[in-house]
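Just so you know, the sequences run in chain order A and B. Sequential numbering of the first sequence, starting at 0, is according to numbering that gives the first Met the number 0. Sequential numbering of the second sequence, starting at 0, is according to numbering that gives the first Met the number 0. The beta carbon of each residue, even a glycine, is placed where N, CA and C say it ideally should be. Note that the structure is a prediction, hence the values are computed from the model and not measured. Everything on this sheet refers to the single structure shown next.
There are 2 protein chains.
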Amino acid sequence: MGGDHAPEAVVEGARLAVREGLPVVLVGDEARLRPLLRSDDDLPCVHAPDVIGMGEKPSVARSRAGASVRVAADEVAAGRCAGLVSCGNSGATLVASILSMGKLDGVDRPAIATSLPRLDGGTLYMVDVGTTADANARHLASFALLGHALAVTEGVPSPRIGLLSNGSEPGKGNRLVRQAQPELAALGLDFIGPVEPNAAFEGRCDVLVSDGFTGNILIKTAEAVIGMLTRHARRRVMASKRARVGAWLMRDALHSLREELDWRARGGALLLGVPAPVVVAHGRSDADAVRAAVGLAHYAIDARLVDAVETALGAAPSTDRVAVSGGPGAP
Amino acid sequence: MGGDHAPEAVVEGARLAVREGLPVVLVGDEARLRPLLRSDDDLPCVHAPDVIGMGEKPSVARSRAGASVRVAADEVAAGRCAGLVSCGNSGATLVASILSMGKLDGVDRPAIATSLPRLDGGTLYMVDVGTTADANARHLASFALLGHALAVTEGVPSPRIGLLSNGSEPGKGNRLVRQAQPELAALGLDFIGPVEPNAAFEGRCDVLVSDGFTGNILIKTAEAVIGMLTRHARRRVMASKRARVGAWLMRDALHSLREELDWRARGGALLLGVPAPVVVAHGRSDADAVRAAVGLAHYAIDARLVDAVETALGAAPSTDRVAVSGGPGAP
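Now the structure itself:
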């Protein structure tokens, strides 16, 4: 029921996924979902009478047991579904997931992770990109552990952890960046210090840690610039006959470039630190994006991503919360 | 003396500027500058025995009267130079400028502004992009006034002011974004509320206000993505003969696109709120970037930008500091 084009785009995206062999259960207001279903759809529905709006505070999820995201998280917690996809309020998705499913051992604060392509061909894992806008240093330590675990799970043997900053010199960064550095250094991971956006895209680190506000600004800026360049280029090309011929000849090269850089094609971001795959999809998701988000959830289920993250968390040098909080067990 | 390629790139950039008819006085260690000068250079030098490093705290500028940026700011304050360009520590440039020159009436906190092209053909003025990493709501109100004044000065009759955020819904933003909204609304400017990066690039607002940390991350991310796309496209194109022919045919269109989007060609960002033009250039500036930075300073001098900003500040509905601080004079 969540997102700008719900429920139509969600139902259509789910239909596309099911046709590709990826089972989906719809959760929402049956009175609105039923009329959108066709007789040959294999889309079971679970009724939820309530919806949490995009503009509502995430904490309202606590008292709204009938909201679609709460009912969906309950389906996962009860073992009737293997994962959760939501295009709705991402904070409410976090709250509902923790309420129904709890958190993995050693995780102080779950976080949303997304991956971006790097110029050196590697992958940049960003944590957090949305749940915790006002993070503290301990939260950032938790995000570093989750990012480390995700990168290890995806085959990076010893991930380098960077902290998003506006400069790598000692005097740079804001208060949070300066406070978080000793916490991250104490985790026993390969923490390389503060990293600027360009260095991160060039491959200086594998995991880029930030508060959810700044991380979200970074990915939204990257999306906006790619969109602007694409549209700008299209206009310029259409204004010149010679350039049009050139564009036709460059078509394949440009297409593969866009594919590689369009991380929205992945469908969404993963909520890490909860005991089942949860995909936070874009609020603007159309049917194709919803299909991709369902695909990402199924990938995480099939790859046993949560088990692997749990193992990597257990194997990380200091995952007990005492160390993260800088208490007596910390180095 | 500041920046990654000083003093060589700075001297060469100054030489290029002088050849274009833009006078420059060099300020720095004469023992290092003199050997770089040629007999036909028209580049007077003012000696400064000390340099503030990129990694030093901006506040050290207070006690380092012999640092090059301090001596250069003193030259401006004494009326022997009309403006200041620095590729060095931007925080130290701010501190030195305020120490020597003071602040304009009604300005609580000077800020660094830069302009980006928008998709609708307009200009997006961003304030702050670097001086105040840990801004509070009052600082953001000061940045809004300065951005308003700059946009008016550059010919935008009634600038729409947006506040950089990760979402425009009421529950979104971090604590600072939520606290700053009533302060910005009370200024009597055309404050349109929180704005996401994509909406800003599309033209939703003329001035985008943020703390210096987030603003700096935004511009550095935009730069990084443009750099990545350019290099990525070049590699792909070189891998295919047909695409190479296409690229040759598209050359002019691509070139004009890059020109339009390469805001580094402007040479730097303006420090607003001090009584003379101060250009904060990129630490990575090469000679061409230094030349462009000198050009920007001369543009600001010739256009009497500071006078215009002062007039616009005086004409803004509530520029007295009582109103900005929410005191008894506030609406």
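Who are the near neighbours of residue i in its chain, counting only those whose CB is closer than 8 Å to its CB and skipping five residues on each side?
i	result
A/P43	V24 and L25
B/L166	Residue identity check: residue 166 of chain B is Gly in the sequence provided, not Leu. Excluding sequence neighbours, B/G166 sits near G172, P193 and E195.
Counting only Cβ pairs nearer than 7 Å, list the residues of chain A close to residue i.
i	result
B/P169	G54
B/L217	I216 and T220
B/A223	P196, N197 and F200
Tell me, please, whether the CB atom of residue i is closer than 7 Å to any CB atom in chain A?
i	result
B/E195	yes
B/D49	no
B/F200	yes
B/F142	no
B/D133	yes
B/T310	no
B/T213	yes
B/P327	Confidence at B/P327 is low in this model, with a pLDDT of 36, below 50, so its placement is unreliable and the value that follows should be read with caution. No, its Cβ sits nowhere closer than 7 Å to a Cβ of chain A.
B/S324	Here the model assigns B/S324 a pLDDT of 36, short of 50, so the residue's position is not dependable, and the following value carries that caveat. Chain A contact via Cβ: absent.
Quick one: is residue i near chain B, going by C-beta distance under 7 Å?
i	result
A/V279	no
A/M125	no
A/F190	no
A/M227	yes
A/R33	no
A/D3	no
A/R320	Bear in mind that a pLDDT of 39 at A/R320, under 50, signals an unreliable position, so the number given afterwards is only what the model happens to contain. No, no contact with chain B.
Which residues share a DSSP beta bridge with residue i?
i	result
A/R159	A/D189
A/S85	A/V279
A/M125	A/T113 and A/L207
B/L269	B/A112 and B/V278
B/C44	B/L25
B/D49	B/A66
B/V194	B/L163
In chain A, what lies closer than 8 Å to residue i by C-beta?
i	result
B/A288	Chain A residues near B/A288: none, gap ~15 Å exceeds 8 Å.
B/R174	A132 and D133
Going by Cα to Cα distance, which pick from the options is closest to residue i?
i	options	result
B/L115	B/G202, B/A299, B/R137 and B/G211	B/G202
A/G54	B/V224, B/G170 and B/Q180	B/G170
A/Y124	A/I111, A/T130 and A/V224	A/I111
B/D39	B/V50, B/R14 and B/S89	B/R14
A/G339	A/D306, A/A315, A/L269 and A/A302	Outside the modelled stretch of chain A, which goes from 0 to 330, sits residue 339 of chain A, for which no answer is possible.
A/D133	B/L175, B/V208, B/T113 and B/S284	B/L175
A/G52	A/R33, A/C86, A/P34 and A/R79	A/C86
B/V68	B/A77, B/G187 and B/S89	B/S89
A/E182	A/E168, A/L21, A/A5 and A/L144	A/L144
A/D119	B/R234, B/P274, B/P57 and B/A307	B/R234
A/R303	A/A242, A/V59, A/E29 and A/L271	A/L271
B/L76	B/M100, B/R63, B/V70 and B/G65	Here residue 76 of chain B is Ala; the residue named in the question, Leu, does not match the sequence. Taking only the C-alpha atoms, the option nearest B/A76 is B/M100.
B/G78	B/S141, B/G20, B/K240 and B/A275	B/A275
Which residues of chain B have a Cβ atom closer than 7 Å to the Cβ of residue i, listed in chain order?
i	result
A/R241	L248
A/P181	Here the premise fails: no neighbours, minimum Cβ distance about 18 Å.
Near residue i, which residues of its chain fall below 6 Å by C-beta distance, leaving aside the five closest residues on each side in sequence?
i	result
B/G12	A286, V289 and R290
B/M215	The residue asked about is misnamed: residue 215 of chain B is Asn in this sequence, not Met. Taken in chain order, the residues that qualify are V128 and G129.
B/G325	Because the pLDDT at B/G325 is just 35, under 50, the model does not fix this residue reliably, and the value given afterwards should be weighed accordingly. Excluding residues within five positions, none has a Cβ falling inside 6 Å.
B/T92	V68, S85 and V279
A/P57	G90, A91 and V94
Run down chain E in chain order and give the residues with a C-beta less than 7 Å from the C-beta of residue i.
i	result
A/P109	As a matter of chain content, chain E is missing from the structure shown, whose protein chains are A and B.
In chain B, what lies closer than 8 Å to residue i by C-beta?
i	result
A/L163	I216
A/P57	G170
Below 7 Å CB to CB, which residues in the same chain sit around residue i once its five sequence neighbours on both sides are set aside?
i	result
A/C204	R159, I160, G161, I191 and V194
A/T131	R108, A110, H138, D210 and G211
B/A16	V23, R290, V293 and G294
A/T318	Any reading at A/T318 must be qualified, since the residue scores a pLDDT of 45, below 50, and its modelled position is unreliable; the value itself is stated next. Excluding residues within five positions, the ones whose Cβ falls inside 7 Å are G105, L144 and L312.
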